Each structure stands twice: as structure tokens, then as C-alpha cells.
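Mind the numbering: the sequence shown is residues 73 to 357 in my numbering, read in order. Notes follow the structure.
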Amino acid sequence: MNQGLFRLGLGLLFAFFGLISYLTSTVENPITGEKQRVKLTPREEVALGLQGRQRIAQQFGGLYPDNQLQAYIDQVGQQVVQNSVASTSGYPFEFHLLADPKTVNAFALPGGQIFITVALLGRLNSEAQLAGVLAHEVGHVIGRHGAEHLAKQQLGGSLVTAVGVATTDEQGGGRQAAVLAQAVNQVVSLRYGREDELESDRLGVRFMSEAGYDPTALIEVMKILDAARTGGSPPEFLSSHPNPGNRVERLQDLIAQQYPNGVPANLQDRPEEFARIVKPRLQGR
Ligand SMILES: [Zn+2]
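Okay, here's the thing in C-alpha cells:
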């Protein structure tokens, strides 16, 4: 056998074992019931999210310099998590307001780091709308979409080692640090697929309504974002969260399924609370 063929054979063999290990690393998601291919443990996802937190903040103008507004974002986010099945996930959720005044967007990193830009916050009109945005992002975390994405990218075993090292030793090895940096880049620039968006909408509706918010507020958010198109190009939220056809209709269907007799009156929008806390703090921005 000549050397080229030998190398090819060896390459195929490794590719084969890579595929086998990808196909066998399947776990059932306790909240969605979905069987998923992920390599990271939840603890490793948390470590990765904490590593990426700084990167996201730098990319979007840092944290918005108003502690009370930060506290309000976190309070609404925690309200959604603590009063819904999301609380059983064990992820340590943190919600941050980013100072970027132009990019209309929200993000989630694996493990529970969630962000909304002040540009998006400024377009919202009620606490339920804010809860809807955050609940949708919580859906990406619970759905483990970042970890699935990384598993598909075949960052594989070396990533697990790198994150494992990062959780026990801040410095890590040089090679591990490089792999980890690559993984952070991946999750920071992550664009979700259509299925991920639908699942996050579904989970978002569920979490926010369990937490006492009117889920139709999420439909309002989609309409607000759609109206925010400038010169035909959609706001970042819609482009990094691709618009699965008829998203508003799908949300309407989801809500009708959950509440065949209409949304219960005790589910709230809280526009006054939102106006009182948020609006004055964004003026003169
Ligand atoms: Zn999304």
C-alpha cells in the first residue's frame, strides 16, 4: 500500500470514529424531552458562557451604566426563570443590559448568560414584552442550542478538555486556551437555525406564561421588530434569529393551543411598571 492510500485510510478511520463518537454522545433534555447530541456537560456550558460574557460586553459597548436598570432586567429575567420549569434546569442565569444604542438584539450564551441591548429595550413598551425577549433567550439556553452547535462543528473532545481545564484552573494550558477561545468565538457569533428559533419561541411562551406574563406580548415584540426594519434590512434580532415563515402566526397557534379558551386574565403585561422604571432612565440617551 503506498503512503497516500495509507494516510487516506487513516484519515477515514479517524473521521469514522469521530462520527461514531458524535452519534453516540446523545442525552435526553429533561425539560424539552428532546434527544440531543452534545459533548459539553451543563457545568462546562456554564464555564464557556462565563468565558464569553466579557467578549459579548466588549462587542456591544459594555454594560449599560445604570445599576437600577441592570437590576430591573435581572429581576424580570429571574421572575421568568424562578417561576417556571426553567428553574429546574439548575443553570445560574444572569441577565445583562448592553450599552449598544444601535444594534437591536438579544443573545444567550450556553450556561445562562443572557443579554439585551439598550437599543432593543428602548423599543419595548411593557414588562411582558421584556419578559418575552428574555424567556425566548432562556429557551436557547434550556434547549442547549449552543452546545448542539459546537458538537456539530466537531470541536469535539479537545473542547471538552479545554472547558474542563477552564473550570478547574483559570489559566489553562496554551493549547486548551486556544481551543477555548475558538469555542467562545463560535458561540459569540452563533446564528441559530429555524428549528432552534421555533423551539425557543415555544419554550419562551411556556416560561413567560408560567411566570405570570401574558404570552401575546411576544407577538407584539415580533411586530415591533418587524416595524424596526430600516431600508428593508431587518434589525439584528431578526437576522441573527432567522424569521421562520409566519412566526407571528406560529406564536398565535402556540398560544391558542396552550389556552384554547383565551389567555387567562391573571397573566399580566405590566406596561405602567415598565414605563415608570425604564422610560425615564433611557431619556437623553
Ligand atoms: Zn432566538
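From the three backbone atoms N, C-alpha and C, an ideal C-beta is built for every residue, glycine too. No experiment lies behind these values; they were computed from the predicted model shown.
Inset, instruction - Return the chain-ordered list of same chain residues with a C-beta closer than 8 Å to the C-beta of T104, the five sequence neighbours on each side being excluded. - result: Counted from its first residue, the sequence shown places residue 104 at position 32. Cβ-Cβ distances below 8 Å link T104 to I214, G215, E271 and L275 in the same chain, with the five nearest sequence neighbours on each side left out; the list follows chain order.
Legend entry - heavy atom of ligand 1 below 7 Å from H168 C-beta: Position 96 of the sequence shown, counting from 1, holds the residue named residue 168. No, the beta carbon of H168 sits no closer than 7 Å to any heavy atom of ligand 1.
Inset, instruction - Kindly indicate which three-state DSSP category F167 falls into: helix, strand or coil? - result: Working through the sequence shown from its first residue, we reach residue 167 at position 95. In this structure, F167 counts as strand in the three-state DSSP scheme.
Legend entry - Cβ neighbours of N101 in the same chain (closer than 6 Å, five flanking residues each side left out): For this step, residue 101 is matched to residue 29 along the sequence shown. Q108.
Inset, instruction - Report the three-state DSSP secondary structure of Y144 (helix, strand or coil). - result: As a first step, residue 144 is located in the sequence shown; it is residue number 72 there, counting from the start. Helix, per DSSP.
Inset, instruction - Can you say whether T189 is buried or exposed, counting buried as having 16 or more other CB atoms within 10 angstroms of its CB? - result: As a position in the sequence shown, residue 189 is number 117, starting the count at 1. The residue is buried, with at least 16 neighbouring Cβ atoms inside 10 Å.
Inset, instruction - Using alpha carbons as the reference points, say which of P164, R348, E321 and N177 lies closest to Q131. - result: Within the sequence shown, residue 131 is the residue found at index 59, counting from 1. Residue N177 is the option with its Cα nearest to Q131.
Legend entry - When N197, K224 and E267 are compared against F346, the one with the closest alpha-carbon: Mapped onto the sequence shown, residue 346 falls at position 274. Per the Cα distances, N197.
Inset, instruction - State the DSSP-derived secondary structure class of R109, mapped to helix, strand or coil. - result: If you number the sequence shown from 1, residue 109 lands on position 37. Note: R109 maps to strand in three-state DSSP.
Inset, instruction - Indicate the three-state DSSP secondary structure (helix, strand or coil) for V99 in the structure shown. - result: Counted from its first residue, the sequence shown places residue 99 at position 27. Strand at V99.
Legend entry - Exposure of P336, with buried meaning 16 or more beta-carbon neighbours within 10 Å: One-based indexing of the sequence shown puts residue 336 at position 264. So P336 counts as exposed.
Legend entry - Three-state class that DSSP yields for A337 in the structure shown: The sequence position of residue 337 within the sequence shown is 265, counting from 1. In the displayed model, A337 falls within coil according to three-state DSSP, outside both helix and strand.
Inset, instruction - Using DSSP bridges, identify the partner residues of L181. - result: Reading the sequence shown from its first residue, position 109 is the one you call residue 181. For L181, the pairing in a beta bridge is given by DSSP as Q185.
Inset, instruction - Give the straight-line distance between the Cα atoms of S156 and P332, rounded to the nearest whole angstrom. - result: Looking up residue 156 in the sequence shown gives position 84. Looking up residue 332 in the sequence shown gives position 260. Cα to Cα, S156 sits roughly 20 Å from P332.
Legend entry - Alpha carbon of N139 to alpha carbon of F187, nearest angstrom: The residue labelled residue 139 in the question sits at position 67 within the sequence shown. The residue labelled residue 187 in the question sits at position 115 within the sequence shown. A straight line joining the alpha-carbon of N139 with that of F187 spans about 15 Å.
Legend entry - Integer Cβ distance of H212 from Y264, believed to fall under 8 Å: The sequence position of residue 212 within the sequence shown is 140, counting from 1. The sequence position of residue 264 within the sequence shown is 192, counting from 1. Between the beta-carbon of H212 and that of Y264 there is about 7 Å, and that keeps the pair under the 8 Å contact cut.
Inset, instruction - Would you check whether ligand 1 has a heavy atom nearer than 7 Å to the C-beta of S261? - result: Taking the first residue of the sequence shown as 1, we reach residue 261 at position 189. Checking every heavy atom of ligand 1 against the Cβ of S261, none is found closer than 7 Å.
Legend entry - Alpha carbon of N338 to alpha carbon of Q225, nearest angstrom: As a working mapping, residue 338 is identified with position 266 in the sequence shown. As a working mapping, residue 225 is identified with position 153 in the sequence shown. About 44 Å.
Legend entry - ligand 1 heavy atom lying under 7 Å from the CB of E269: In the sequence shown, residue 269 corresponds to position 197, counting from 1. Distances from the CB of E269 to the heavy atoms of ligand 1 include at least one below 7 Å.
Inset, instruction - Taking all protein chains shown into account, decide if E321 is buried (16 or more other Cβ within 10 angstroms of its Cβ) or exposed. - result: Translated into the one-based positions of the sequence shown, residue 321 becomes position 249. So E321 ends up on the exposed side.
Inset, instruction - With hydrogens ignored, establish whether the beta-carbon of S281 is closer than 7 Å to any heavy atom of ligand 1. - result: On the sequence shown, residue 281 is found 209 positions in, with the first residue counted as 1. Answer for S281: no, Cβ out of range of ligand 1.
Legend entry - Minimum C-alpha distance to S159 - residue among P343, M280 and P352: Stepping through the sequence shown from its first residue, residue 159 is reached at position 87. S159 has its Cα closest to that of M280, out of P343, M280 and P352.
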